[in-house]
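Asks: Okay, here's the structure, questions in a sec.
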Amino acid sequence: MNQKTTETLGEIYPLCQRFIAAHAWNRLRDSCARGRGPEELPQILSRQADILSLPGYLPELALLEWTINCVRTAERASSLPVNQLTVNPCLTLLHLSWKNLPYLLTTPTAPAPESGEAYVIVWRHPRTEEVLVRHASDEDLLVLKMVAEEIDPRELATGGQVTVHELIAATDRAVGRGLLLAPKSSIRRDLSSFPIDEGMDEDFLSSSIFTLQWHITQACDLRCRHCYDRTETHSLELSQALTVLDELYQFCRSRRVRGQVSFTGGNPFLYPDFLEVYRAASERGFSLAILGNPVSQEVIERLIAIEPPVYYQVSLEGLPEHNDSIRQPGHFKRTLEFLRVLRHLKIYSMVMLTLTRDNLSQVLPLAETLRDRADLFTFNRLSLVGEGAALKPPSKSDYITFLEAYSRAATHNPIIGLKDNLINILRHRSGLPVFGGCTGYGCGAAFNFMCLLADGSVHACRKFPSLIGHVLRASLGEIYDSDAARRYRSGSRACRSCAIRPVCGGCLAITHSFRLDVFEDRDPYCFIGK
């Protein structure tokens, strides 16, 4: 064997070499030289283990070290095109007859190898290029089988041992560890409408999550003075609702995104088949959220028995007297009691306020009241639609002053959330990192979410009339791809050259409220450059 081959053998099998006496290693080296190369060592060890008095596990340890070498020198996985969820090509699954071999690679005080079946995975992480080795868990094996054999998670879940939601979560973990390669989301911004400015994170141009905000019923136990829509209408029947969920499932799979359903209304609990729809959404693996009114602890416990919502959002419009004048006498107290229930049940709680001229001064005091009661507090600006048209929005100057105070307060009150897109003007001006804005991607209308109303009509945004289709006439995918939807997600032409365009775009509902053209005009409250 020449010097290069000798060095290669020692580099490939450093651990095996430590277990073998020098004279025996020389004999093995010579055997490899007479064979086809260093890859022969595991077979040679298997044949000569008794003759050389080697540990019984050494042939499989050699196989493990050879596999590590092959994975290390394979073509980079990150350079390969990925069109669907796939097993990392730089991954090998070994079925061994000895346990604990991976520990010998990294742990000085490793447990001794022992006879017994073991599955070991060796892979190279697609981002870090680090070679990793570990015993395969049951979850690893299940997810690898599901992806390698192209089994639909819903089909695998029919056995009853695991839910679709758990399978999708396990898949996400496998992608994070680099066992699987995931294709890029096709929910992506059109660069002709969203040019990326220097210093802007390109992650703001592509969403991995798609949300259907489902106003499943118009029925409501409140009559709020700023309600967008009190129209009486028939809700979708249960069978139609289940079809919507099936379409959303296929839409998310085809667009390579995780799906979320945010149930709201009206009061979603007044939909007669709500628990059935909630369960069906869970069975399809969607993350679930509730935007609703306070309900009893028993109602929340029934949800938890199916699947805990990722959050429950309630609304408060200011301090007690003002809030109750907008929503209902006693509403403020009931909401605080309900927040206590959510905290007791470990459900993430969000409080939303609709910003008007009359409650502008109450926002920060309310945030202090909620400091130890809610997990997140934020606001939406009043849209002059429906009953809300009778209320007054703040003036532009008062709004800017408020926004500055709100941003400062957010630095010392941990529950104050940043949501309004125009906050990014202040952050950009001050050299602070921008955040995702209203939906994580600026105005997300018909981009990373759509709104489904009780009657089946679909809108780009619930806060103003923005019809883009109807689920009884077209699929969700067809609606998303429609010219109407594309027009809304392109936003206003007036914003296209703005440096913070991907995380702002203003609010189309506010532009509509002031009788401006949402496709041509800027948000009337925009103050960038001023």
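Residue numbers (my numbering): 76 to 605. For every residue, glycine included, the Cβ atom is placed at its ideal position computed from N, Cα and C.
1) Residues in the same chain with beta-carbon distance under 6 angstroms from Q78, minus the five sequence neighbours each way, listed in chain order, please.
2) Under a three-way DSSP split, which group does Y115 fall into?
3) Is the distance from the Cβ of Q315 to the Cβ of G531 below 9 angstroms?
4) Using a 10 Å radius around the Cβ and a threshold of 16 neighbouring Cβ atoms, would you call A96 buried or exposed?
5) Taking the straight line between their C-alpha atoms, what separation do you get for L345 and C327?
6) Look at A423 and R264 and say whether their C-beta atoms are less than 9 angstroms apart.
7) Answer with yes or no whether the minimum CB distance from I500 to chain B is below 9 angstroms.
8) With T431 as the anchor, note down where its beta strand (DSSP E) starts and where it stops.
9) Y387 lies in the alpha helix (DSSP H); which residues open and close that run?
10) Tell me whether H487 sits in a helix, a strand or coil according to DSSP, three-state version.
11) Do A521 and R561 count as a contact pair if the criterion is CB distance below 9 angstroms?
12) Going by C-alpha to C-alpha distance, which of D272, T286, L287 sits closest to L280?
13) Determine the closest residue to G580 out of F589, P599, E224, D215, with distance taken between C-alpha atoms.
14) Closest by CA to I575, which one among S268, D247, K174?
15) Using only the alpha-carbon positions, how far apart do S283 and Q159 sit?
16) Check S314 in the structure and name its three-state DSSP category.
17) First and last residue of the beta strand (DSSP E) that includes R333?
18) Exposed or buried, A364, counting other C-beta atoms within 10 Å across all chains shown (16 or more means buried)?
19) Go ahead and pull the three-state DSSP assignment for N40.
20) Which parts of the region 172–211 are runs of the alpha helix (DSSP H), unbroken and 4 residues or longer, counting only runs that do not cross its ends?
21) When the Cβ atoms of the region 441–448 are set against those of the region 464–477, are three or more pairs found closer than 8 angstroms?
22) Return the CA-CA distance between N368 and Y481, expressed in angstroms with no decimal places.
23) Closer than 7 angstroms by C-beta to E382: which residues in its own chain qualify, once you throw out the five before and the five after it? Chain order, please.
24) Which residue's Cα is closest to the Cα of G512: S261, R377, P577, I543?
25) Are T453 and G492 close, meaning C-beta to C-beta below 9 angstroms?
26) Alpha carbon to alpha carbon, how far is I554 from L547? Give it in angstroms, no decimals.
27) Please determine, among I119, D558, C573, the residue with the shortest C-alpha to C-alpha distance to H503.
28) For the candidate residues E322, I490, S337, E114, whose alpha-carbon lies nearest to that of P545?
29) Roughly how many whole angstroms lie between the Cα atoms of D592 and Y474?
30) Smallest Cα separation from L466: which of L136, A257, H301?
31) Is it the case that the region 200–209 contacts the region 223–237, given that we only count it when at least three CB pairs across the two stretches are under 8 angstroms?
32) Quick one: give me the first and last residue of the alpha helix (DSSP H) that V146 is part of.
33) For R354, which of helix, strand or coil comes out of DSSP?
34) Between G341, T184, S458, I379, which lies nearest to D296 when the distance is taken from Cα to Cα?
35) How far does the alpha helix (DSSP H) with Q288 in it reach, from first residue to last?
36) Any idea what DSSP makes of I365, helix, strand or coil?
Replies: Reading it off the structure:
1) One-based indexing of the sequence shown puts residue 78 at position 3. Because the pLDDT at Q78 is just 40, under 50, the model does not fix this residue reliably, and the value given afterwards should be weighed accordingly. Cβ within range, chain order: n/a, list empty.
2) Numbered from 1 along the sequence shown, position 40 holds the residue referred to as residue 115. Here residue 115 turns out to be Glu, not Tyr, going by the sequence shown. E115 falls in the helix class under three-state DSSP.
3) The count along the sequence shown starts at 1 and reaches residue 315 at position 240. The count along the sequence shown starts at 1 and reaches residue 531 at position 456. Taking 9 angstroms as the cut-off, the beta carbon of Q315 is found closer than this to the beta carbon of G531.
4) Taking the first residue of the sequence shown as position 1, residue 96 is located at position 21. A96 is exposed by the Cβ-count criterion.
5) Looking up residue 345 in the sequence shown gives position 270. Looking up residue 327 in the sequence shown gives position 252. Their backbone Cα atoms lie some 28 angstroms apart in a straight line.
6) What you label residue 423 is simply residue 348 of the sequence shown in a count that begins at 1. What you label residue 264 is simply residue 189 of the sequence shown in a count that begins at 1. Ala is not the amino acid found at residue 423; the sequence shown has Tyr there. No; because the gap between Cβ atoms is not below 9 angstroms, this pair is not in contact.
7) Absence of chain B from the displayed structure is noted, only one protein chain being present.
8) Stepping through the sequence shown from its first residue, residue 431 is reached at position 356. That residue, T431, is in no beta strand (DSSP E); it is neither H nor E in DSSP.
9) On the sequence shown, position 312 is the one that residue 387 refers to. Counting along the chain, no alpha helix (DSSP H) covers Y387; the unbroken beta strand (DSSP E) around it starts and ends at 386–390.
10) In the sequence shown, residue 487 corresponds to position 412, counting from 1. Residue state, collapsed to three classes: coil.
11) Along the sequence shown, one-based indexing puts residue 561 at 486. Along the sequence shown, one-based indexing puts residue 521 at 446. Yes, these two residues count as a Cβ contact at 9 angstroms.
12) Translated into positions along the sequence shown, residue 280 becomes position 205. Considering only alpha carbons, the answer is D272.
13) Start at 1 with the first residue of the sequence shown, and residue 580 comes out as number 505. Put simply, of F589, P599, E224, D215 the residue whose alpha carbon is nearest the alpha carbon of G580 is P599.
14) In the sequence shown, the residue the question calls residue 575 occupies position 500. For I575, the closest of S268, D247, K174 by C-alpha to C-alpha distance is S268.
15) Walking along the sequence shown from the start, residue 283 turns up at place 208. Walking along the sequence shown from the start, residue 159 turns up at place 84. Rounded to the nearest angstrom, the two C-alpha atoms are 14 angstroms apart.
16) Reading the sequence shown from its first residue, position 239 is the one you call residue 314. It is helical.
17) Translated into the one-based positions of the sequence shown, residue 333 becomes position 258. Segment 333–339, the beta strand (DSSP E) holding R333.
18) Residue mapping note: residue 364 aligns to position 289 of the sequence shown, counting from 1. With 16 or more Cβ atoms within 10 Å of its Cβ, A364 is classed as buried.
19) In the structure as shown, the chain begins at 76 and stops at 605. Residue 40 is therefore absent and cannot be evaluated.
20) The region 172–211 contains these whole alpha helix (DSSP H) runs: 176–181.
21) When Cβ pairs closer than 8 angstroms are counted between the two stretches, the region 441–448 is seen not to touch the region 464–477, the count staying below three.
22) Reading the sequence shown from its first residue, position 293 is the one you call residue 368. Reading the sequence shown from its first residue, position 406 is the one you call residue 481. Looking at the two C-alpha atoms, the distance is approximately 25 angstroms.
23) Position 307 of the sequence shown, counting from 1, holds the residue named residue 382. Within the same chain, E382 has close Cβ partners H240, S357, L363.
24) Locating residue 512 in the sequence shown gives position 437, counting from the first residue. Nearest Cα to G512 within the set S261, R377, P577, I543: P577.
25) By 1-based counting over the sequence shown, the position of residue 453 is 378. By 1-based counting over the sequence shown, the position of residue 492 is 417. Yes. Within cutoff.
26) Position 472 of the sequence shown, counting from 1, holds the residue named residue 547. Position 479 of the sequence shown, counting from 1, holds the residue named residue 554. If you take the alpha carbons of L547 and I554, they lie about 11 angstroms apart.
27) Residue 503 sits at position 428 when you count from the first residue of the sequence shown. Closest by C-alpha distance to H503, out of I119, D558, C573, is C573.
28) For the purposes of this step, residue 545 is identified with residue 470 of the sequence shown, where counting begins at 1. Strictly speaking, residue 545 in this sequence is His, with Pro absent from that position. Of the candidates E322, I490, S337, E114, the residue whose Cα lies closest to the Cα of H545 is E322.
29) Stepping through the sequence shown from its first residue, residue 592 is reached at position 517. Stepping through the sequence shown from its first residue, residue 474 is reached at position 399. Linking D592 to Y474 through their CA atoms gives a straight-line distance of about 21 angstroms.
30) Taking the first residue of the sequence shown as position 1, residue 466 is located at position 391. In terms of Cα proximity to L466, the closest of L136, A257, H301 is H301.
31) Taking a cut-off of 8 angstroms for Cβ pairs, the region 223–237 and the region 200–209 do not touch, as fewer than three such pairs fall below it.
32) Walking along the sequence shown from the start, residue 146 turns up at place 71. Counting along the chain, the alpha helix (DSSP H) containing V146 begins and ends at 133–148.
33) Numbered from 1 along the sequence shown, position 279 holds the residue referred to as residue 354. The answer is helix: DSSP assigns R354 an H, G or I state.
34) Here residue 296 corresponds to residue number 221 of the sequence shown, with the count starting at 1. Out of G341, T184, S458, I379, G341 has the C-alpha closest to the C-alpha of D296.
35) To locate residue 288, count along the sequence shown from 1; it is residue 213. Q288 -> not in any alpha helix (DSSP H); beta strand (DSSP E) instead, spanning 284–290.
36) What you label residue 365 is simply residue 290 of the sequence shown in a count that begins at 1. Residue state, collapsed to three classes: strand.
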